[in-house]
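Colleague:
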Amino acid sequence: MALDAHAIDWTAPPAALVATIAAAADRRATPCGAGTMVWHGWGVRHTGRPPLVLLHGGSGSWTHWIKVIPALAQSTAVWAADLPGLGDSAMPHAPLTPATSGHVVATGARMLLPDGLPFHLLGFSFGAHVGTFAAAELGKQLATFTVCGCAALGIPHNRLEFDRERSTMTQAESDAVHRTNLGKLMIADPSRIDDLAVYVQAENIRRARFKSRAFAGTGEIADNLGRVAAPLRAIWGAGDVLATPSVEARYDILRRHHPELRTRTIADAGHWVAYEQPTAFVEAVRELAGLPAP
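All residue numbers for the sequence shown refer to my numbering, where the first residue is 4 and numbers rise by one.
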């Protein structure tokens, strides 16, 4: 079933909308721990072009990319993973670290894609952390590696306290918790925290088993980039609350090992920039990775 970006009804109930986009995907599985890692692919008939592989953020799933998948898949194959221990993917083998997950991703990508086919890798937040380990392992098979809104750069970031759901809450009360937490971290403009964002957040939190937050305070991304051969790109929301002391300071760290770094800072957007400003995000990805227009 093809995904027609122009036919998607973004006003549909969130569960139905997610189901529609998922139903248009080619669902695959690769080994992960005692089970499998799940991948969703769209536009897979765009043969001969380097595919784009998307790695979502912490406590997330492929649905972190729901607003940009339809547009990106118009001109290239897009594969959105559920990282180990998140979404529908099994937990990785111990130790439960970004490095372990990165190896699972690299192994799965090699199995999923035609042997030796170059591809673009894009990681959001914790996905960028896992992605550095995968990118180091994949070597020159990567055409580009793009990081978006990541921590783990060896400098302080804002430590946020989140509201918590309780089992006694009504659905409306639980939704209010997720709406509050989205406003604290993910989305800069409260008017953009719509029912779809709340639904995606709630479903992802419900299924999350891999706890990634503790790794954000490390310097592993900054360290690992010295092992990444692919050209580095970066996209940030200008209003990302984690980007302390500034977005530019984070770009400076990325340039230590990658002076060729190319960047795009997207105005009027917070941490979850692909959701809050999807059109600008798609344009940035296409430009930085050299993807064809539809």
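Every residue gets a Cβ at the ideal spot worked out from N, C-alpha and C, and that includes glycine.
Can you check which of these residues, Arg-195, Glu-176, Val-250 and Ser-64, is closest to Ala-154 by C-alpha distance?
Modeller: Ala-154 has its Cα closest to that of Val-250, out of Arg-195, Glu-176, Val-250 and Ser-64.
Colleague: Answer yes or no: do Gly-134 and Trp-275 have a C-beta to C-beta separation smaller than 9 Å?
Modeller: Result no, Cβ atoms of Gly-134 and Trp-275 do not sit closer than 9 Å.
Colleague: For Arg-258, write down the residues that DSSP places opposite it in a beta bridge.
Modeller: Its beta-bridge partners do not exist; DSSP assigns none.
Colleague: If contact is defined by three or more beta carbon pairs under 8 Å, each pair taking one atom from either stretch, is the stretch 236-243 in contact with the stretch 274-293?
Modeller: Touching, yes.
Colleague: Mapping DSSP to helix, strand and coil, what is Phe-148?
Modeller: It is a strand residue.
Colleague: Which residue comes first and which comes last in the alpha helix (DSSP H) that contains Met-114?
Modeller: Segment 101-115, the alpha helix (DSSP H) holding Met-114.
Colleague: Let me know the secondary structure DSSP gives His-96 once reduced to three states.
Modeller: The answer is coil: DSSP assigns His-96 none of H, G, I, E or B.
Colleague: Please classify Ser-62 as buried or exposed, where buried requires at least 16 other C-beta atoms within 10 Å of its C-beta.
Modeller: So Ser-62 counts as buried.
Colleague: Just verifying my parser: in three-state terms, what is the DSSP assignment at Asp-29?
Modeller: Three-state result, Asp-29: strand.
Colleague: Taking all protein chains shown into account, do 16 or more other C-beta atoms lie within 10 angstroms of the C-beta of Lys-214, making it buried, or fewer, making it exposed?
Modeller: Lys-214 is exposed by the Cβ-count criterion.
Colleague: To which residues of the same chain is Gln-280 closer than 6 Å at the C-beta, ignoring the five residues directly before and after it?
Modeller: Result list for Gln-280: Ile-269 and Ala-272, in chain order.
Colleague: Taking 9 Å as the threshold (beta carbon to beta carbon), is Val-276 in contact with chain D?
Modeller: The chain inventory of the structure shown lacks chain D, comprising one protein chain alone.
Colleague: Buried or exposed: where does Trp-13 fall if 16 or more other Cβ atoms within 10 Å of its Cβ makes it buried?
Modeller: Flag for Trp-13 reads exposed.
Colleague: Based on Cα-Cα distance, which residue from Pro-248, Ser-92 and Tyr-202 lies nearest to His-181?
Modeller: Considering only alpha carbons, the answer is Tyr-202.
Colleague: If you check the beta carbons only, do Thr-79 and Leu-294 fall under 9 Å apart?
Modeller: In contact: Thr-79 and Leu-294 (Cβ atoms closer than 9 Å).
Colleague: Kindly list the residues whose CB is nearer than 7 Å to the CB of Met-94, restricted to its own chain and excluding five residues on each side of it in sequence; keep chain order.
Modeller: Around Met-94: Gly-36, Pro-87, Gly-88, Arg-212 and Phe-213.
Colleague: I'd like to know whether the C-beta atoms of Ala-83 and His-123 end up nearer to each other than 9 Å.
Modeller: Cβ distance not < 9 Å, so Ala-83 and His-123 don't count as in contact.
Colleague: Determine the extent of the beta strand (DSSP E) in which Val-81 is found, giving its start and end residues.
Modeller: Residues 81-84.
Colleague: Rounded C-beta distance between Gly-46 and Val-81? I'm assuming under 8 Å.
Modeller: About 6 Å separates the two Cβ atoms, so the contact holds.
Colleague: Could you tell me the distance, in whole angstroms, from the CA atom of Arg-267 to the CA atom of Ile-11?
Modeller: Rounded to the nearest angstrom, the two C-alpha atoms are 27 Å apart.
Colleague: Give the list of continuous beta strand (DSSP E) stretches no shorter than 3 residues that lie fully inside the stretch 145-210.
Modeller: Listed in chain order, the complete beta strand (DSSP E) runs (minimum 3 residues) inside the stretch 145-210 are 145-151.
Colleague: Between Leu-125 and Thr-149, how many whole angstroms is the CB-CB distance? I'm expecting something under 8 Å.
Modeller: That pair is a contact at about 4 Å.
Colleague: Would you mind reading off the limits of the beta strand (DSSP E) that contains His-123?
Modeller: Segment 122-127, the beta strand (DSSP E) holding His-123.
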